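First comes the structure, then the notes that go with it.
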Amino acid sequence: MADFDLVILGGGSGGYAAALRASQLGQKVVLIEKEKLGGTCLHKGCIPTKALLHAGEIADSTRHAGEFGVKADFHAMDMAAVNTYKDGVVSKLHKGLEGLVKSRNVTYVQGSGKLISNNTVEANGTKYTGKNVILATGSYPKTLPGLEIDGKQIITSEQAIKLDYVPKSVIVLGGGVIGCEFASVWKSFGAEVTIVEGLPHLVALEDESSSKQLERAFRKRGINFELGVKFKSAERGKKDVKVTLEDGKEFTAEILLVAVGRGPVSTGLGYEEAGIKMDRGYVLVDDKCRTNVPGVWAVGDLIPTLQLAHVGFAEGILVAEEIAGLNPRAINYDGVPRVTYSEPEVASVGLTTAGAKAAGHDVVELNYDLAGNGKANILKTAGSVKLVATKNGPILGIHMVGSRVGELLAEAQLIFNWQADAADVAQHIHAHPTLSEAMGEAHLALAGKPLHAHG
Numbered sequence: 001m002a003d004f005d006l007v008i009l010g011g012g013s014g015g016y017a018a019a020l021r022a023s024q025l026g027q028k029v030v031l032i033e034k035e036k037l038g039g040t041c042l043h044k045g046c047i048p049t050k051a052l053l054h055a056g057e058i059a060d061s062t063r064h065a066g067e068f069g070v071k072a073d074f075h076a077m078d079m080a081a082v083n084t085y086k087d088g089v090v091s092k093l094h095k096g097l098e099g100l101v102k103s104r105n106v107t108y109v110q111g112s113g114k115l116i117s118n119n120t121v122e123a124n125g126t127k128y129t130g131k132n133v134i135l136a137t138g139s140y141p142k143t144l145p146g147l148e149i150d151g152k153q154i155i156t157s158e159q160a161i162k163l164d165y166v167p168k169s170v171i172v173l174g175g176g177v178i179g180c181e182f183a184s185v186w187k188s189f190g191a192e193v194t195i196v197e198g199l200p201h202l203v204a205l206e207d208e209s210s211s212k213q214l215e216r217a218f219r220k221r222g223i224n225f226e227l228g229v230k231f232k233s234a235e236r237g238k239k240d241v242k243v244t245l246e247d248g249k250e251f252t253a254e255i256l257l258v259a260v261g262r263g264p265v266s267t268g269l270g271y272e273e274a275g276i277k278m279d280r281g282y283v284l285v286d287d288k289c290r291t292n293v294p295g296v297w298a299v300g301d302l303i304p305t306l307q308l309a310h311v312g313f314a315e316g317i318l319v320a321e322e323i324a325g326l327n328p329r330a331i332n333y334d335g336v337p338r339v340t341y342s343e344p345e346v347a348s349v350g351l352t353t354a355g356a357k358a359a360g361h362d363v364v365e366l367n368y369d370l371a372g373n374g375k376a377n378i379l380k381t382a383g384s385v386k387l388v389a390t391k392n393g394p395i396l397g398i399h400m401v402g403s404r405v406g407e408l409l410a411e412a413q414l415i416f417n418w419q420a421d422a423a424d425v426a427q428h429i430h431a432h433p434t435l436s437e438a439m440g441e442a443h444l445a446l447a448g449k450p451l452h453a454h455g
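As structure tokens, this is what we get:
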């Protein structure tokens, strides 16, 4: 048996963030991870997917180089080289993370762990006991009842990032963040893509105006989609998959990507046996990520908050600081930035128009079109910045569509979290020409003094 101040089960975003911060604060920490340090985000999700998206961006830039006076010919994707690039990014970040954990004197254990009491985790036959335990076992790609993932013709995102060829055609089941990002990748790579989404819009959790803009952009790119219709069945053939929808429509493609969300990894890990309250596999926590069992905490995709790596980071740091007695502020999940890294990107923070109205706010809106932005014209990108605000009051939400608009979220997040109003932001001078000017222009217009926009 080994004794520690803190035992962490799961070395993904939430787990390793907690380990690093707790070690900084003087805790003796053991971090247990069954696969690779960094978890889903680093190895199977955020990072490899964004590398593929960037490769697709380069491919599209090559196709359209003539519009900028550059003579270039696009021939094909070299997937061996793409995967070498992608895997190199992952490997570099993984090695850096291993070095960080080692330098912070965190004990790292690679192996499958299980909670065997409220203060003990067993892994590789050794029991690790701590004054506190953090559960951070992450999530897995879900499927639908009766839809079997074979890893070849019917796949999840975890197989999609490893494909060594470009499929001729793909059906994407699910028009959320993961589905739209892979649809964007494969279209850029040269595949024919059809998205099937049961809800009325793509990225349905975003503001409806953002969803509609993404849909228009996808149509222009030649990405097909069926909205508001449910999946019925999938039938594998020798070389393709036939998908039937409940309205009777049928689609055939080389690959079916199942992107219907992620579920918590909690089965068989001893959580329920320890008396921890659960709901549909999620561990229930309070606003400081405490479970109902004293000394046991949970963070990341395992709990029913936003399934985002940066949320896991924040929750891990929150718990480490709460254990250390620093009394950190609880996370305001409305203030968490969100990005869909498709082309174009969809980025937001705060409330949607519908959400603000449902909360009882007297809502005003402003849409600033990137057609009025100099840098957007230079880059030949379209999109908008939409502000949702209270009448004569603070900004409640900022919603953006366009290439690389995710990079504008830091300012948007400050505006929302500091409860700034349009007049406050309108005073700030934004560098010209930059995409960030769109943020300033939108607030100038909402404050009643539009510059490069019609009043």
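Just so you know, full-length UniProt numbering puts the end of the sequence shown at 455, numbered straight through with nothing missing. Even for Gly, the Cβ is constructed at its ideal location relative to N, Cα and C. Treat the numbers as computed from the prediction; the structure is a model and nothing was measured.
Relative to the Cα of G248, the nearest Cα in the group R104, I255, E254 and K232 belongs to K232. Residue burial annotation: G12 is buried, with at least 16 other C-beta atoms found within 10 angstroms of its C-beta.
In the DSSP assignment, the residues bridged to K114 are E122. About 14 Å separates the beta carbons of G10 and G45, which is beyond the 8 Å limit, so they are not a contact pair. Non-local C-beta neighbours of G228 in its own chain, meaning closer than 6 Å and more than five positions away in sequence, comprise P200, ordered along the chain.
Shown here for A447: same chain residues with a beta carbon closer than 6 Å to its own, the five before and five after excluded, namely A422, A423 and A426 in chain order. Secondary structure note for R216: its alpha helix (DSSP H) is the uninterrupted segment E208 to R221. Below 8 Å, enough C-beta pairs join the segment 135-147 and the segment 253-264 to call them touching: three or more.
Cβ neighbours of A442 within its own chain (closer than 7 Å, five residues either side excluded): L366, Y368, V385 and L387. With respect to K34, H43 sits apart: the two C-beta atoms are not nearer than 8 Å.
Rounded to the nearest whole angstrom, the C-alpha separation of G130 and D150 is 40 Å. Sixteen is the threshold: since fewer than 16 other Cβ atoms of the shown chains lie within 10 Å of the Cβ of V70, the residue is exposed. Comparing alpha carbon positions, the residue from K391, E322 and A438 closest to Q27 is E322. If the five residues before and after G406 are omitted, its C-beta is found closer than 7 Å to the C-beta atoms of V339, Y341, E345 and A347, all from its own chain and listed in chain order.
For N105, the secondary structure class from DSSP, reduced to helix, strand or coil, is coil. E215 is classed as buried because its beta carbon has at least 16 other beta carbons within 10 Å across all chains shown. By the neighbour-count definition (other C-beta atoms within 10 Å, threshold 16), N292 is an exposed residue.
The beta carbons of V336 and L302 sit about 17 Å from each other, so the pair does not count as a contact at 8 Å.
The beta carbon of K380 is closer than 7 Å to those of E67 in its chain, skipping five residues each way along the sequence. Secondary structure of Y165 (DSSP, three-state): coil.
Under DSSP, Y333 takes part in no beta bridge, so it has no partner. When the beta-carbon positions are compared, L306 and Y333 come within less than 8 Å of each other. Taking every protein chain shown into account, the CB of D286 has fewer than 16 other CB atoms within 10 angstroms, so this residue is exposed.
With contact defined as three or more Cβ pairs closer than 8 Å, the segment 54-68 and the segment 157-173 are not in contact. G316 is positioned such that its CB atom lies no closer than 8 Å to that of R104. If you ignore the 5 residues before and after V196, its C-beta comes within less than 8 Å of the C-beta of I171, V172, L173, G174, G175, F225, E226, V229, F231, V243, L245 and F251, all in its own chain and listed in chain order.
Inclusion of L31 and Y16 in the CB contact set at 8 Å is warranted, their separation being smaller than that value.
Going by C-alpha positions, A420 is about 43 Å away from T107. Shortest Cα-Cα distance from I398 to any of K391, N392, Q413 and A382 involves Q413. Per the C-alpha coordinates, the member of V82, A81 and A204 positioned closest to A354 is A204. Between P294 and the set V109, I134 and G96, the nearest pair of CA atoms involves I134. Rounded to the nearest angstrom, the gap between the Cα atoms of L147 and S169 is 19 Å. Counting along the chain, H399 sits inside the beta strand (DSSP E) bounded by residues I395 to G402.
Under the DSSP assignment, P141 falls in the beta strand (DSSP E) whose first and last residues are S139 to P141.
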